[in-house]
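Protein chains in written order, with UniProt numbering: chain A, 1 to 213; chain B, 1 to 213. Here a beta-carbon is modelled for each residue, glycine too, at the ideal position from N, C-alpha and C. A quick note: this is a predicted structure, and the numbers were derived from the prediction, not measured.
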């Protein structure tokens, strides 16, 4: 398999964790978002929507959207699972994943930050406040959702799931803007547990070939 | 089953379509977002993250996040399916769904529009431009993704899927801000096909008990 991705991209990071959890080898193909490589012809041939990551399967199929890719990996390589076996547990893990991927991350990606700067003429300070607001606000909701679930090592139970694959990159992203994580005790305990797991460590930005620090 | 939702909420509309496609009866419990009912104690007891919709199962379980709910409905009530049977097809439908639910809709929900107005002091005109920008931009990506798939009546094949459940509410939302849909031929053909399907019609905002027109 091949993964078109970018070291700092949160959605790319999610898929890298999933691949590492499952022990699946893959070719790392960097796409430099800040240099705009995702919008160039070469990558547009790979991804119609010019978003990273894209997974290229061994059969040459090109798959986009990180949660869809993780579900695909889970269906085609079931062990170890990224989702519980029961429908209710799966719904819980998907909802936690989507709380990150639909409520927090979309507000803070590169093209949105660019719109704030160039179209809305928002100051750097107000942009950073925006960033921190949505991360903090979203993770407070995550903390509240966790509080209603049985306590485990990870977000859902004692093995990492797709929810953890979404949570960890979001925590990393928020740190870049010095988001305050005070009081998010259970969420941060899950984060710390994840970072002790080799799959999460191998997948983190600093350990990627295109890392720029 | 019970559905806590709001007639105009896009995420609520998605789940209503899914329930109608599957012919599942449900009790409609309105939560008035504009009046802030989702943030009041009564609803916070239902949804930790105070978001709509919430599905209450017959067993009393409370499930959040529209895509997670649709997947749950598909797993527990498989016919007619909202996702193809093969992993690749499922990945395609999930990616299309997420292109709406992760790339467009989060930027335009009520709390984001409020932040633009109150924190960033953005004018009504600039806010409407922001809204239209993300809908148009996202649907252009949707159109490009569709162009790489075999042509069918709906987004993926000749039966409605979760992707259509996401697409149709997004088209409705964009219309409220007069988004230009010119040139999105295939996407709009899918939309028109969906609106001829009784499930989509029954689920639309104007046909809900809390509709305010």
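Counting other Cβ atoms within 10 Å of its Cβ, residue 47 (chain A) reaches 16 or more and is therefore classed as buried. Out of A:154, A:78, A:32, the CA that lies nearest to the CA of residue 51 (chain A) is found in A:32. Under the three-state reduction of DSSP output, residue 2 (chain B) falls in the strand class. Residue 61 (chain A) has a beta carbon lying within less than 9 Å of a beta carbon in chain B.
In this structure, residue 166 (chain A) lies away from residue 21 (chain A), with their beta-carbon atoms at least 9 Å apart. At a beta-carbon threshold of 8 Å, the residues of chain A lying near residue 148 (chain B) are 48, ordered along the chain. Closest in alpha carbon position to residue 36 (chain B), among B:110, B:121, B:145, B:125, is B:110.
Taken through DSSP and simplified to helix, strand or coil, residue 23 (chain A) comes out as coil. About 5 Å separates the beta carbon of residue 15 (chain A) from that of residue 69 (chain A), a gap short enough to meet the 8 Å contact definition. Any Cβ of chain A closer than 9 Å to the Cβ of residue 84 (chain B) would place that residue at the interface, and such an atom is absent. From the listed residues B:178, B:206, B:182, B:17, the smallest Cα separation to residue 125 (chain B) is found for B:178.
DSSP places residue 73 (chain B) in the uninterrupted alpha helix (DSSP H) bounded by 66 to 76. The beta carbon of residue 135 (chain B) sits no closer than 9 Å to any beta carbon of chain A. Scanning chain A for C-beta atoms nearer than 9 Å to the C-beta of residue 102 (chain B) yields 11, 65, 66, 67, 98, 101, 102, 105, 106, reported in chain order. The Cβ-Cβ distance between residue 10 (chain A) and residue 211 (chain A) does not fall below 9 Å. Three or more beta-carbon pairs separated by less than 8 Å link the stretch 150 to 163 of chain B to the stretch 91 to 103 of chain B, which places the two stretches in contact. The beta-carbon distance between residue 54 (chain B) and residue 64 (chain B), rounded to whole angstroms, is 5 Å. This is short enough to meet the 8 Å contact definition.
In this structure, DSSP gives residue 205 (chain A) a helical state, which the three-state scheme calls helix.
Taking C-beta atoms under 8 Å as the contact rule, residue 154 (chain B) and residue 193 (chain B) qualify, at a distance of about 6 Å. By the rule that beta-carbons nearer than 9 Å mark a contact, residue 119 (chain B) touches chain A. Residue pairing by DSSP places residue 30 (chain A) opposite A:5 in a beta bridge. Residue 143 (chain A): member of the alpha helix (DSSP H) spanning 124 to 147, first to last residue.
With its beta carbon less than 9 Å from one in chain A, residue 75 (chain B) belongs to the interface. In the DSSP annotation of this structure, the continuous segment of the alpha helix (DSSP H) that includes residue 117 (chain B) starts and ends at 110 to 118.
Taking C-beta atoms as the reference points, residue 72 (chain B) and residue 87 (chain A) count as a pair closer than 9 Å. Looking at the DSSP output, residue 54 (chain A) shares a beta bridge with A:4, A:64. Classified as exposed, residue 40 (chain A) has fewer than 16 neighbouring CB atoms from the shown chains inside 10 Å of its CB. The C-alpha of residue 49 (chain B) lies about 10 Å from the C-alpha of residue 146 (chain A). The residue from A:213, A:141, A:202 with its alpha-carbon nearest to that of residue 184 (chain A) is A:141.
Between residue 12 (chain A) and residue 97 (chain A), the gap from beta carbon to beta carbon reaches 9 Å or more. Taking the Cα positions, residue 199 (chain A) is about 12 Å away from residue 80 (chain A). If you ignore the 5 residues before and after residue 5 (chain A), its C-beta comes within less than 6 Å of the C-beta of 12, 52, 53, all in its own chain and listed in chain order. In chain order, 48, 49 make up the part of chain A whose C-beta sits under 7 Å from the C-beta of residue 145 (chain B).
Beyond the five residues adjoining it in sequence on each side, residue 138 (chain A) comes within less than 8 Å, by CB distance, of 99, 100, 103, 104, 170 in the same chain, given in chain order. Excluding residues up to 5 positions away in sequence, 116 lie with their Cβ nearer than 6 Å to the Cβ of residue 122 (chain A) in the same chain.
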